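*Asks:*
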Amino acid sequence: MIEGIDGLEGVVAAETVLSEVDGAAGRLVIRGRSLDQLSGHTSFEAATHLLFDGFFDGLPADLTQPLADARSEVFSEVRALDAELVARTPMEAMRALTARLADGDDLATALRLVAAPAVFTAAVTRAQAGHAPLAPDTALGHAADILRMTRGTAPTAAEVALLDAYLVTVCDHGLNASTFAARVVASTRAGLTSAVLAGISALKGPLHGGAPGPVIDMLDAIGSPDNARAWIEAELDCGERLMGFGHRVYRVRDPRADALKRAIKAMADGSNALPGRLAFAEAVEQAALQILKERKPNRSLQTNVEFYTALLLEALAFPPPAFTCVFAIGRVSGWIAHAREQVAGGRLIRPQSRYVGPTPLAA
Ligand code: ACO
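Position 292 (the sequence shown) corresponds to 292 in our numbering; numbering is contiguous.
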């Protein structure tokens with residue numbers, strides 16, 4: 001479906017074997033597996049393998065070591081992280097470093113591109129906190145190394161499991177805006193790096209992957225459950241949207257929200273601040289859903305993936321400005337698989353516009 005472009009609603013822009021988003025039932029299927037079968041049960045490397053299977057020659061059965069080697073390879077680009085880039089938003093700095101990678105269509109290029117958002121996000125986050133970037137540790141899995149490179153200390157097994165659950169949950173999601181952007185660029189045969197850069201750029205906006213940072217701002221501004229209704233009402237009165245709610249496809253609850261909430265609950269063991277923060281977020285969520293229902297009775301506005309993404313990434317101590325980068329770390333595998341699928345079976349994507357401007361005056 002090309003929705004959001006007048007006149008193209010209902011047009012199928014791509015057939016895919018990669019994932020299906022059932023907006024009426026609230027179901028997500030990734031290559032024949034339900035989200036619940038994957039999230040919390042599969043590593044990011046295994047999910048990437050699932051997405052890449054059939055799209056690359058010579059795909060090894062286990063991507064853990066090749067991906068670790070690719071992290072090590074792309075780390076050399078961190079030398080280009082100068083003061084000017086460090087002063088940009090994490091998404092812009094990460095995108096600029098990713099743009100230094102050569103274009104190509106082979107597995108080696110793909111693995112470097114999967115590694116790039118992880119390595120560059122960690123480097124940028126550390127640099128913005130005033131610390132030197134840390135080189136990858138090729139003995140670690142992807143999620144464990146991301147946390148170590150970002151924070152400088154070894155993560156717990158529970159933290160690694162939580163990040164893995166997140167990355168797998170967001171690794172692919174039908175023809176969303178960033179995947180569509182990646183497929184359009186891939187359809188011109190521009191190469192995988194160009195397609196991934198298009199995906200990163202589309203993901204950056206607040207209506208797509210840029211929402212979870214502002215979710216934290218919202219929770220912090222509300223402060224306590226008693227204040228939720230007044231704050232939300234005031235926000236909507238000003239014409240603002242509530243970040244983390246609403247979705248173009250889902251008319252019921254986004255199944256990824258529950259997958260992430262489950263993963264957070266599994267880590268909230270009472271020994272840290274997480275259970276209290278989660279209970280507060282749930283209270284805000286309930287207030288928001290109630291008010292959205294009162295204000296938009298004809299439009300089903302439900303919690304989307306970004307609401308619990310914010311809580312999860314906060315629990316892992318990522319700074320909110322870097323949240324969208326972490327989304328890209330997971331989604332990059334989906335972009336690459338879609339780009340390969342587009343090149344393998346698709347034509348140039350070239351929708352027609354409908355001219356509504358003035359007609360030329362007769363000569
Ligand atoms: N808060 C308040 N009102 C909303 C929200 C929201 N989060 N979402 C939609 N609405 C309202 C709109 O104002 C509009 O009202 P109107 O008909 O009176 O003008 C109505 O619901 C329909 O909105 P649309 O813009 O047509 O819905 P669309 O399908 O285009 O939007 C979107 C989907 C962009 C996700 C929207 O719900 C939104 O802006 N949400 C907040 C940002 C967000 O959470 N983005 C992350 C999405 S998930 C992802 O991309 C990974």
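Just so you know, even glycine gets a beta-carbon here, dropped at the ideal spot from N, CA and C.
Since the structure is predicted, the reported quantities are computational estimates derived from the model, not experimental observations.
What's the gap between the Cα of Phe280 and the Cα of Gln286?
*Replies:* 10 Å
*Asks:* How far does the beta strand (DSSP E) with Glu20 in it extend, from its first residue to its last?
*Replies:* Ser19 to Asp22
*Asks:* For Phe245, which three-state DSSP category applies?
*Replies:* strand
*Asks:* Which residue marks the beginning of the beta strand (DSSP E) containing Leu59, and which one marks its end?
*Replies:* No beta strand (DSSP E) contains Leu59, which DSSP labels as neither H nor E.
*Asks:* Taking three-plus beta-carbon pairs below 8 Å as touching, is the stretch 223-235 in contact with the stretch 130-146?
*Replies:* no
*Asks:* Put Gly140 into one of helix, strand or coil per three-state DSSP.
*Replies:* In the sequence on display, residue 140 carries Leu and not Gly. Coil at Leu140, not helix or strand.
*Asks:* Any heavy atom of the ligand ACO closer than 8 Å to the CB of His49?
*Replies:* No, since every heavy atom of the ligand ACO falls outside the 8 Å radius drawn around the Cβ of His49.
*Asks:* The ligand ACO and Lys296: does any heavy atom of the ligand fall closer than 8 Å to the residue's C-beta?
*Replies:* yes
*Asks:* Do Val119 and Arg88 have their C-beta atoms within less than 9 Å of each other?
*Replies:* no
*Asks:* Beta-carbon separation of Leu207 and Met91 under 9 Å?
*Replies:* no
*Asks:* Alpha carbon to alpha carbon, what distance is there between Phe44 and Pro364?
*Replies:* With the chain covering only 1 through 363, there is no way to say anything about residue 364.
*Asks:* How many angstroms separate the CA atom of Val252 from the CA atom of Arg31?
*Replies:* Rounded to whole angstroms, the separation of the alpha carbons of Arg31 and Val252 is 22 Å.
*Asks:* Should Pro117 go down as buried or exposed, given a rule of 16 or more other Cβ atoms within 10 Å for buried?
*Replies:* buried
*Asks:* Check whether the Cβ of Arg251 lies closer than 9 Å to any Cβ atom in chain B.
*Replies:* Given the protein chain composition of this structure (a single chain), no chain B is represented.
*Asks:* Please look up how many angstroms separate the CB atoms of Val78 and Val332, rounded, as I've assumed it's under 8 Å.
*Replies:* At roughly 17 Å, the Cβ-Cβ gap does not stay under 8 Å, so Val78 and Val332 are not in contact.
*Asks:* Hey, would you say Arg340 sits closer than 9 Å to Ile200, going by beta carbons?
*Replies:* no
*Asks:* Specify the secondary structure class of Val29 as computed by DSSP and reduced to three states.
*Replies:* Val29: strand per DSSP, three-state reduction.
*Asks:* Hey, how far is the Cα of His142 from the Cα of Arg148?
*Replies:* 10 Å
*Asks:* Tell whether a beta-carbon distance below 9 Å holds between Val196 and Ala182.
*Replies:* yes
*Asks:* Determine the closest residue to Val306 out of Arg347, Val215, Ala80 and Glu84, with distance taken between C-alpha atoms.
*Replies:* Before going on, a small fix: residue 306 reads as Glu here, not Val. If we check each option's Cα against that of Glu306, Val215 comes out closest.
*Asks:* Can you tell me which of the three DSSP states Val343 falls into?
*Replies:* When DSSP states are grouped into helix, strand and coil, Val343 belongs to the helix group.
*Asks:* Ignoring anything shorter than 3 residues or poking outside the stretch 96-125, list the beta strand (DSSP E) runs there in chain order.
*Replies:* none
*Asks:* Helix, strand or coil: how does DSSP classify Thr303 here?
*Replies:* strand
*Asks:* For Arg151, count the other beta carbons within 10 Å of its own beta carbon; 16 or more makes it buried, fewer makes it exposed. Which is it?
*Replies:* Answer is buried; the Cβ neighbour count reaches 16.
*Asks:* For the ligand ACO, is there any heavy atom lying closer than 8 Å to the beta carbon of Val305?
*Replies:* yes
*Asks:* Work out the CA separation of Phe180 and His247 for me, nearest whole Å.
*Replies:* 16 Å
*Asks:* Could you please give me the residues that DSSP links to Leu312 through a beta bridge?
*Replies:* Leu312 pairs with nothing; no bridge assigned.
*Asks:* Give me whichever residues DSSP pairs with Ser34 in a beta bridge.
*Replies:* Val29
*Asks:* Is Phe245 near the ligand ACO, going by C-beta to nearest heavy atom under 8 Å?
*Replies:* Indeed, a heavy atom of the ligand ACO lies less than 8 Å from the Cβ.
*Asks:* What three-state label does DSSP hand Leu134 in the structure shown?
*Replies:* coil
*Asks:* Applying the criterion that 16 or more other CB atoms from any shown protein chain within 10 Å of the CB defines a buried residue, is Glu314 buried or exposed?
*Replies:* buried
*Asks:* On the three-state DSSP scale, how would you describe Leu147?
*Replies:* helix
*Asks:* For Lys293 and Arg299, what's the separation of their Cα atoms in angstroms?
*Replies:* 8 Å
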